[in-house]
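Read the structure below first, then the notes.
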Amino acid sequence: MKSLKTVLLSTAVLAGFGLFLGGKDAFADEQYTVQSGDTLSTIATNFYGYSSDDTINAIVEANEIADKNLIFVGEALIIPTDGTATYTESASTTAAASVQQPSEPAASQSSNTQSAASTQSSSSYSSSARGSEASAKEWIANKESGGSYTATNGQYYGRYQLTNSYLNGDYSAANQEKVADEYVASRYGSWSAAKAFWEANGWY
1 MKSLKTVLLS
11 TAVLAGFGLF
21 LGGKDAFADE
31 QYTVQSGDTL
41 STIATNFYGY
51 SSDDTINAIV
61 EANEIADKNL
71 IFVGEALIIP
81 TDGTATYTES
91 ASTTAAASVQ
101 QPSEPAASQS
111 SNTQSAASTQ
121 SSSSYSSSAR
131 GSEASAKEWI
141 ANKESGGSYT
151 ATNGQYYGRY
161 QLTNSYLNGD
171 YSAANQEKVA
181 DEYVASRYGS
191 WSAAKAFWEA
201 NGWY
């Protein structure tokens, strides 16, 4: 009988220890797999509700990331948390992740005076670039992103590697085409001129 009590007591102690460890796991760091269109800034915002140097650096340090502007789709990241942070997908991340295939280019009546920041989200867009202009535009897209609407490089995003401020939170293929046309028309006057500048400088 004594040995049975000893066994039962030992079992109870082990069970209690297991519950203690389980309780600690509830406050363990979160794990997140990088999705298309993610940046450390958007990941921090989705987990902490905001992005700052502190939240980004916490993720960088936890994962020993050498370049905080370079993360890869499918990469597993540890997100430091006290158990209160929960992942909430932002509207911009949803828009970026939903772009899978390039939309059919369509016609632009872009105004040189309309800024990218004021561009409204649209479901379709038609570029006015034709012939050599369309060829120059496609050439730049291939140089900048390999033609991908979801390519990221630090603050630059998409087929034409525009800054997030230009895209104004709308990462759709249609908006990327529209903003790119507006940017080139405003800065260079034509895609051919933009291509010539790119060939001379390695960027546009």
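In my numbering, the protein residues as written are 1 to 204. Ideal Cβ placement from N, Cα and C applies to all residues, glycine included.
Item, Value
"I think I79 touches V34, with their Cβ atoms under 8 Å apart; what is that distance to the nearest whole Å?", "About 11 Å; that fails the 8 Å criterion."
"What does DSSP give as the partner residues of L162 in its beta bridges?", "Y157"
"My assumption, with CB atoms under 8 Å, is that S148 sits in contact with R159. Please give the rounded CB distance.", "6 Å"
"Measure from the alpha carbon of S126 to the alpha carbon of each residue in A174, L167, S135, G169, then state which is nearest.", "A174"
"With DSSP collapsed to three states, give me the class of L77.", "strand"
"Alpha carbon to alpha carbon, how far is T163 from G169?", "10 Å"
"Kindly indicate which three-state DSSP category Y183 falls into: helix, strand or coil?", "helix"
"Is it right to say Y50 is buried, meaning 16 or more other beta carbons lie within 10 angstroms of its own, or is it exposed?", "exposed"
"Can you tell me which residues form a DSSP beta bridge with E133?", "BP columns for E133 are empty, so no partner."
"By alpha-carbon positions, which one of E75, I65, A66, A58 ends up nearest to T81?", "A58"
"Run through the DSSP bridge pairs and tell me what Q31 is partnered with.", "I78"
"Expressed to the nearest angstrom, what Euclidean distance is found between the alpha-carbon atoms of A62 and Y156?", "24 Å"
"I need the DSSP call for T45, collapsed to helix, strand or coil.", "helix"
"Considering only C-alpha positions, which residue in the set Y204, A66, L40 is nearest to Y183?", "Y204"
"Short check: CB of W191 to CB of K137, under 8 Å?", "yes"
"Taking Y32 as the reference, give the member of G154, E75, Y188 with the closest Cα.", "E75"
"Report yes if the C-beta distance between E30 and F47 is below 8 Å; otherwise report no.", "yes"
"What separation, rounded to the nearest whole angstrom, lies between the Cα atoms of A193 and E133?", "9 Å"
"At what residues does the alpha helix (DSSP H) containing D54 begin and finish?", "53-63"
"Going by DSSP in three states, S118 sits in which element: helix, strand or coil?", "Note that S118 has pLDDT 36, beneath the 50 cutoff, so the model's placement of it is unreliable and the number below is only indicative. Correct three-state label for S118: helix."
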